[in-house]
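Following: one structure in structure tokens, then a few remarks.
Residue numbers (the working numbering): 261 to 622.
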């Protein structure tokens, strides 16, 4: 594509890839990295922003035509951050002065994400402590440096908003983190309705999920719009939750829930009833039937086997898997994959189930 574009455009071109580390999967990211590491037209420049993840570093670090610059080492970054903070807090002239802006800037250690979260926290009025000055002092007195400043910011926000229900928060976030691609709240709620109801397990409702997410507007995208896939504003938020000892974000349990839910969603959602008899002769790409498949059903068809493979072997789940292969359901599943444009997923899914029986089951 770059070669084709270089021939079509006579002027020098600049391509910007912002947040490469936030791509959906490492495999998808690898394809982009290999292109970046290859030869590019001499009149083309590519600007990439990213966290220094290992796979990105390994491919690009030794490439001679790639130049690495850390924004943490650029003094101009602090000037930009202070300007940003002063603009964000300018509506409170009687509360904050230039010295306060400088203090927050110094505390950010060059991290724009920290500055944004700090301003969101200081100006937020939905929590218990609504005094901006008190919130400012809480933020600037926290210890930590470098990227750990984000952890301190996450801790300050979450300690306040999760006080009423830590267990519910942990269960909801475990479900979101365990999902193999971002799902909107509507799909997550539909999946949650099919979670196994074990007698000794904790169960939360779709309303519980909405209440938890409604408080996370400063940390995740999709918290207030049920149709937008939920994902973190910065990947470090999910990393923090996985490591935070104050909460039990237990992913194996979430994987198990997704395994059962995916099988149940397919049980009741297949076969698809989207084909219009009058257009049955048309190709799937023409009638775009994948647009008619509910997000939770599309997700279940593509990822059910991955969740089963990540779950410890148990008889009840094995029975659900065996029931899936009875009758015509496998045919309906393949049809749904084909209509969703991902029939190739079937091979990997069947291989994962075979491994689950032979390796995990043994």
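Even for Gly, the Cβ is constructed at its ideal location relative to N, Cα and C.
All figures in this text were calculated on a predicted structure; none of them were measured in a lab.
(request) Return the residue from the list 365, 369 and 392 that minimises the CA-CA distance to residue 355. (result) For the purposes of this step, residue 355 is taken as residue 95 along the chain shown, with counting starting at 1. Closest by alpha carbon: 392.
(request) May I ask you to report which of helix, strand or coil DSSP gives residue 488? (result) Walking along the chain shown from the start, residue 488 turns up at place 228. Reduced to three states, the DSSP call for residue 488 is coil.
(request) Count the other CB atoms, across all protein chains shown, that sit within 10 Å of the CB of residue 429; report buried if there are 16 or more and exposed otherwise. (result) Locating residue 429 in the chain shown gives position 169, counting from the first residue. Buried, by the Cβ-count rule.
(message) Can you give me the C-alpha to C-alpha distance between residue 603 and residue 562, rounded to a whole angstrom?
(response) For this step, residue 603 is matched to residue 343 along the chain shown. For this step, residue 562 is matched to residue 302 along the chain shown. Spanning the alpha carbons of residue 603 and residue 562 requires a straight line of approximately 9 Å.
(request) Quick one: grab the DSSP three-state call for residue 337. (result) Here residue 337 refers to the residue found at position 77 of the chain shown. Three-state DSSP puts residue 337 in a helix.
(request) Provide the residue(s) that pair with residue 273 in DSSP beta bridges, ordered along the chain. (result) By one-based count along the chain shown, residue 273 stands at place 13. Answer is 304, bridged to residue 273.
(request) State buried or exposed for residue 567, treating a residue as buried only when at least 16 other CB atoms are found within 10 Å of its CB. (result) The residue given as residue 567 occupies position 307 in the chain shown. The residue is buried, with at least 16 neighbouring Cβ atoms inside 10 Å.
(request) Classify residue 510 as buried or exposed, calling it buried when 16 or more other Cβ atoms lie within 10 Å of its own Cβ. (result) Counted from its first residue, the chain shown places residue 510 at position 250. Its Cβ having fewer than 16 others within 10 Å, residue 510 is exposed.
(request) Apply the 10 Å Cβ neighbour rule to residue 359 and answer buried if 16 or more other Cβ atoms are within range, or exposed otherwise. (result) For this step, residue 359 is matched to residue 99 along the chain shown. Flag for residue 359 reads exposed.
(message) Once the 5 residues before and after residue 490 are set aside, which same chain residues still bring their CB inside 8 Å of it?
(response) Stepping through the chain shown from its first residue, residue 490 is reached at position 230. Once the five neighbours on either side are set aside, the close Cβ partners of residue 490 are 436, 442, 443, 444, 445, 448, 473, 480, 481, 482 and 483.
(request) Could you tell me which residues DSSP puts in a beta bridge with residue 309? (result) The sequence position of residue 309 within the chain shown is 49, counting from 1. DSSP, once it has assigned bridges, lists 278 as partnering residue 309.
(request) Use the C-beta contact count for residue 614: other C-beta atoms within 10 angstroms, 16 or more gives buried, fewer gives exposed. (result) Along the chain shown, one-based indexing puts residue 614 at 354. Burial call: exposed.
(request) Grab the span of the alpha helix (DSSP H) containing residue 430 for me, first residue to last. (result) Taking the chain shown and counting its residues from 1, one reaches residue 430 at position 170. Unbroken alpha helix (DSSP H) run through residue 430: 426–438.
(request) Helix, strand or coil for residue 550, going by three-state DSSP, please let me know. (result) As a working note, residue 550 is residue 290 in the chain shown. Low confidence applies to residue 550: its pLDDT is 44, below 50, so where it sits in the model is not reliable, and the reading given next is rough at best. Correct three-state label for residue 550: helix.
(message) Less than 8 Å between the beta carbons of residue 438 and residue 515, yes or no?
(response) Taking the chain shown and counting its residues from 1, one reaches residue 438 at position 178. Taking the chain shown and counting its residues from 1, one reaches residue 515 at position 255. It is a contact, given that the beta carbons lie within the stated cut-off.
(request) Use the C-beta contact count for residue 467: other C-beta atoms within 10 angstroms, 16 or more gives buried, fewer gives exposed. (result) Looking up residue 467 in the chain shown gives position 207. It is exposed - the Cβ of residue 467 has fewer than 16 other Cβ atoms within 10 Å.
(message) Measuring only the C-alpha atoms, how far is residue 608 from residue 381?
(response) Translated into the one-based positions of the chain shown, residue 608 becomes position 348. Translated into the one-based positions of the chain shown, residue 381 becomes position 121. Near 44 Å, if we compare the C-alpha coordinates of residue 381 and residue 608.
(request) Give the single residue among 310, 366, 346 and 307 whose Cα lies nearest to the Cα of residue 335. (result) Counting from 1 along the chain shown, the entry for residue 335 is found at position 75. Per the Cα distances, 366.
(request) Could you round the C-beta distance between residue 375 and residue 344 to whole angstroms and report it? I think they count as a contact, below 8 Å. (result) Stepping through the chain shown from its first residue, residue 375 is reached at position 115. Stepping through the chain shown from its first residue, residue 344 is reached at position 84. Between residue 344 and residue 375 the Cβ distance is about 6 Å, and since that is below 8 Å, they are a contact.
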